[in-house]
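Numbering (the UniProt record's numbering), first residue to last: 1 to 682.
In this text, a Cβ means the ideal position worked out from N, Cα and C, and glycines have one as well.
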């Protein structure tokens with residue numbers, strides 16, 4: 001009975017805190033629901049991953065219901081080119097005239113080149129325009145009450161679709177077409193279709209600008225378009241997706257697998273398979289892999305295309321068989337950078353830790369290593385890289401096991417340190433940086449610049465962890481560092497995929513690769529350099545030519561010395577889409593140059609070149625957009641138009657910590673401590 005009074009007081013305090021907490025949530029939600037309202041902090045404690053932002057309260061207290069969204073994906077894969085048609089249906093169940101705003105992910109190397117807006121039986125084809133012109137046309141058509149659709153690129157892997165003047169109960173279908181290159185790794189061909197825009201850490205101070213979309217993060221001085229890449233989230237949002245694929249690989253295929261989804265496969269002819277995936281929720285990325293039967297696996301595939309007076313060539317080279325290469329170990333200095341931020345909480349952190357421990361165990365005594373752990377800040381295990389003897393490896397494994405996911409995602413300083421921490425012996429080793437993260441950051445430009453400016457002779461490898469890693473960030477960083485990107489989406493994949501990766505890193509098949517054309521051929525390669533070639537992997541290079549040569553030569557350095565091989569070209573092996581692929585890669589290269597410039601004059605010149613190239617090839621880019629306008633006004637002039645953001649489906653893994661809940665728990669524990677102390681004193 002002597003504890004009744006203190007416990008009663010504690011109960012009252014806890015109840016009061018819970019009431020305060022619930023009122024705080026209601027107040028914050030009310031604030032978050034106001035259209036075009038900038039959040040007061042970089043990370044909104046309510047609009048975290050488990051929260052939704054599908055209902056918006058307007059100034060007149062009216063409430064909007066969410067626009068339903070249906071998505072269908074049609075893929076046609078021919079050789080190493082994947083042509084994709086993405087169809088999205090916007091339905092307005094409300095009594096208001098609304099504007100739908102939807103942020104959606106696409107592969108980082110996607111070349112978006114077509115837009116159709118379907119209204120009833122009418123199809124309105126989109127036109128490519130300079131982005132400011134397209135936005136002006138969109139705003140004018142919206143104001144005039146016309147139905148209009150606009151596709152804009154926020155990042156190479158994040159796009160925004162806006163559809164204005166959707167009437168009450170009306171349905172509009174938007175069809176987007178793009179293409180990408182098939183990825184080849186470990187004799188395995190694969191494509192990945194992202195279905196989630198992951199929650200991103202946004203560094204920097206809030207700036208007083210109104211967001212142009214209804215994102216859940218405010219713009220900051222370091223990520224000035226944060227509001228455009230952080231769509232509202234909704235755990236309960238029903239986002240069904242249907243995917244249909246026609247696979248014409250050009251050879252007999254084996255082991256057609258989707259590691260994260262159930263698929264059905266029908267053989268339509270000897271070399272063609274039809275693959276379907278129906279009624280799936282868009283809460284994790286879709287991946288499809290296939291292999292050539294080993295007896296038919298080519299070491300080379302060439303595809304050509306002629307369009308007008310221009311010629312295009314795509315070369316895919318696979319390395320010789322393993323026994324061709326001398327099995328010798330090159331001493332390596334391996335620097336691991338591991339993400340332990342709050343977005344890694346749960347299975348992502350478990351995957352990363354398991355991968356790191358496996359990597360440490362594979363190191364040989366002739367290697368050196370170090371570990372850098374980062375969240376909001378970074379911590380280094382050793383002052384400098386040390387020999388990978390058993391005692392040091394045990395120390396590294398203990399360090400790995402105690403990593404805990406919390407804090408923000410700020411890898412910039414960790415990357416800079418890794419690339420600048422060479423000592424007087426580092427030149428004796430093949431130096432490899434291995435970066436393990438989900439990559440959910442918004443300041444990609446800063447990270448790219450850090451790798452570009454500090455890479456020297458190092459190699460930079462990225463490992464994407466979780467159900468929806470930022471493939472644009474991971475792919476580009478690996479490209480700048482002449483490394484490769486590995487994606488691990490499930491804890492059961494860690495051992496196999498990390499084993500494959502480290503088998504490559506321990507013995508590169510070919511480095512310093514060069515493709516030599518005859519002297520009379522003017523070859524414009526889309527990307528400036530070719531990555532190193534590893535066992536079981538292929539490289540692709542795309543060229544624009546003045547003519548198709550009869551043969552070309554590929555050369556490079558191997559463990560056995562200089563490798564050189566002449567290849568004959570069969571011009572009859574032609575296909576479509578190489579021109580678009582070349583233009584997309586060319587624009588990517590020019591965007592790298594644009595981001596590296598510090599003066600406005602230089603940026604303006606490069607922007608003009610990018611715009612011209614994108615217009616010529618009908619491609620969506622940072623500076624060009626696709627616009628489709630119905631010339632017939634449909635919205636009555638006296639009816640208001642209400643903007644409505646489409647909430648994204650929350651990805652499978654947890655991506656943020658609930659800071660508000662931890663604050664409440666802390667307050668409760670503090671109250672308990674105070675009453676215990678008072679009772680002891682009395």
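The residue among 630, 562, 546, 339 with its C-alpha nearest the C-alpha of residue 310 is 546. Inter-segment contact for the stretch 170-180 and the stretch 115-129 is present: three or more beta-carbon pairs are separated by less than 8 angstroms. Here residue 166 is buried, its C-beta having at least 16 other C-beta atoms within 10 Å. For residue 348, the enclosing alpha helix (DSSP H) starts and ends at 347-362. Linking residue 605 to residue 575 through their CA atoms gives a straight-line distance of about 33 angstroms. Burial is judged here by how many other beta carbons sit within 10 angstroms of a residue's own beta carbon; residue 349 has at least 16 and is buried. For the 8 angstroms CB-CB criterion, residue 434 and residue 464 do not form a contact.
With at least 16 other beta carbons inside 10 angstroms of its own, residue 498 counts as buried. Residue range 158-166 is occupied by the beta strand (DSSP E) that includes residue 162. Between residue 378 and residue 417 the beta-carbon gap is near 7 angstroms, inside 8 angstroms, which marks them as a contact. Following the DSSP letters along the chain, one finds residue 471 inside the alpha helix (DSSP H) bounded by residues 471-480. Membership of residue 108 in any beta strand (DSSP E) is not indicated, and neither H nor E is assigned to it by DSSP. Counting along the chain, no alpha helix (DSSP H) covers residue 149; the unbroken beta strand (DSSP E) around it starts and ends at 146-155. Residue 526 and residue 543 have their C-alpha atoms some 6 angstroms from each other. Ranked by Cα distance from residue 627, the first of 100, 474, 129 is 129. Restricted to the stretch 460-535, the beta strand (DSSP E) segments that are unbroken, complete and at least 3 residues in length are 485-488, 511-516, 523-525, listed in chain order. Annotation for residue 131: 152, 623, 624, 625 place their beta carbon closer than 7 angstroms to its own, counting only its chain and skipping 5 residues before and after.
With a contact defined as Cβ atoms closer than 8 angstroms, residue 276 and residue 244 qualify at about 5 angstroms.
In the structure shown, residue 619 adopts coil according to DSSP, grouped into three states. Taken through DSSP and simplified to helix, strand or coil, residue 558 comes out as strand. Its Cα nearest to that of residue 77, the residue 273 stands out among 172, 500, 135, 273. Counting along the chain, the unbroken alpha helix (DSSP H) around residue 394 starts and ends at 390-401. Separation of the CB atoms of residue 447 and residue 411 is rounded to 7 angstroms, and the pair is thereby assigned contact status at 8 angstroms. Looking from the CA of residue 535, the closest CA among 142, 511, 516 belongs to 511. Distance from the Cα of residue 462 is smallest, within the candidate group 439, 453, 445, for 439.
Taking the C-beta atoms as reference points, residue 180 is found no nearer than 8 angstroms to residue 94. Rounded to the nearest whole angstrom, the C-alpha separation of residue 70 and residue 524 is 41 angstroms.
In this structure, residue 388 lies away from residue 419, with their beta-carbon atoms at least 8 angstroms apart. Approximately 7 angstroms separates the beta-carbon atoms of residue 515 and residue 315; this is inside 8 angstroms, confirming the contact. Rounded to whole angstroms, the separation of the alpha carbons of residue 566 and residue 508 is 21 angstroms. Inter-residue distance for residue 368 and residue 505 is about 14 angstroms (C-alpha atoms, whole angstroms). Measuring C-alpha to C-alpha distances from residue 357 to each of 343, 336, 344 identifies 336 as the nearest.
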